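Everything on this sheet refers to the single structure shown next.
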Amino acid sequence: MASLIASLQNYFRKRRNGRLSGLIDLLARRLNRPVRILDVGGRPVFWETVETSNIEEITLVNIEAVDLSGKETRFPMEALNANALDLSKFAGGKFDLVVSNSVIEHLGSWSNIKLCAREMRSVADCGYVQTPSFWFPVEQHFMIPVFHWLPNQLRVILLPYLPRAGYEDAKSLDCARDYIEEINLLTGREMAFLFPDARIDREKLLFFTKSYVAVWDAAA
Numbered sequence: 001m002a003s004l005i006a007s008l009q010n011y012f013r014k015r016r017n018g019r020l021s022g023l024i025d026l027l028a029r030r031l032n033r034p035v036r037i038l039d040v041g042g043r044p045v046f047w048e049t050v051e052t053s054n055i056e057e058i059t060l061v062n063i064e065a066v067d068l069s070g071k072e073t074r075f076p077m078e079a080l081n082a083n084a085l086d087l088s089k090f091a092g093g094k095f096d097l098v099v100s101n102s103v104i105e106h107l108g109s110w111s112n113i114k115l116c117a118r119e120m121r122s123v124a125d126c127g128y129v130q131t132p133s134f135w136f137p138v139e140q141h142f143m144i145p146v147f148h149w150l151p152n153q154l155r156v157i158l159l160p161y162l163p164r165a166g167y168e169d170a171k172s173l174d175c176a177r178d179y180i181e182e183i184n185l186l187t188g189r190e191m192a193f194l195f196p197d198a199r200i201d202r203e204k205l206l207f208f209t210k211s212y213v214a215v216w217d218a219a220a
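The opening residue of the sequence shown carries number 1 in UniProt numbering; numbering runs sequentially from there.
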């Protein structure tokens, strides 16, 4: 089961990143140069399946900067520490594209999610923000069917006892509550509210929306 899930995740990641590659290539043709990218909450592994030669540099920003020392990456990268709730130091036109993959749902509260969305919209005229869908029947962090549709208090009680993919340290009420309060999966309507000028793409598996991708381009 775990190998099937991993295969499906890799398939969707490659397909999704193919669309991201197309956006980067389109932007590079318009600018007539390679693209400068700000990746909010990113890791080098995400970029391994992005097939393009039109990237000048990727700046990874995380609360704790990613250690890139001794690592070979497909594209020039730098890693900086910053909070997704305050990206003001990256404003001013330095970046052509802001990218964020499965990050915005980890901010703990709706007010934080709104602030992060506003900050990402402010740092670049083009953006690509992906997040798992609340309406997909398998919770995509713990890989537990319908778990995210249960009341929070019940999820806190159950999480330490349920088999899960990752989050192995959620063996106590304290850890379980931290994770339950941290992760807030979003709906399509919420994504449209957060990114009012964006196109919201829906990634489908059978009849269900697996994830949403907000794509905006102020010059389009």
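C-beta: ideal position from N, C-alpha, C; glycine also.
The structure displayed is predicted, hence computed values, not measured ones.
| Item | Value |
| --- | --- |
| The beta strand (DSSP E) that contains residue 60, what's its start and end? | 55 to 62 |
| Just mark residue 216 as buried or exposed, buried being the case when its beta carbon has 16 or more other beta carbons within 10 Å. | buried |
| Let me confirm a value: residue 187 is counted as buried when at least 16 other C-beta atoms fall within 10 Å, else exposed. Which label applies? | exposed |
| How is residue 211 classed by DSSP in three states: helix, strand or coil? | strand |
| Could you tell me if residue 210 is buried or exposed, where buried requires 16 or more neighbouring beta carbons within 10 angstroms of its beta carbon? | buried |
| For residue 84 and residue 169, I'd like the C-alpha separation in whole angstroms. | 25 Å |
| From the DSSP secondary-structure annotation, give me the bridge partner or partners of residue 79. | 60 |
| Under the three-state reduction of DSSP, which class applies to residue 49: helix, strand or coil? | helix |
| Tell whether a beta-carbon distance below 7 Å holds between residue 214 and residue 191. | yes |
| Comparing alpha-carbon positions, which option in 86, 136, 50 and 205 lies nearest residue 63? | 86 |
| Using the Cβ count rule (16 or more neighbours within 10 Å means buried), how would you classify residue 139? | buried |
| If we count the other Cβ atoms within 10 Å of its Cβ and call it buried at 16 or more, is residue 73 buried or exposed? | exposed |
| Given a cut-off of 7 Å on the beta-carbon distance, is the pair residue 80 and residue 65 in contact? | yes |
| I'd like the list of long-range same chain contacts for residue 148, defined as Cβ closer than 6 Å, with 5 residues on each side in sequence excluded. | 139 and 185 |
| What residues are listed by DSSP as bridge partners for residue 175? | Beta-bridge pairing links residue 175 to no other residue. |
| What is the DSSP secondary structure of residue 130, counted as helix, strand or coil? | strand |
| Could you have a look at residue 123 and say whether DSSP puts it in helix, strand or coil? | helix |
| Give me the Cβ distance between residue 37 and residue 97, rounded to the nearest whole Å; I'm assuming they're in contact under 8 Å. | 5 Å |
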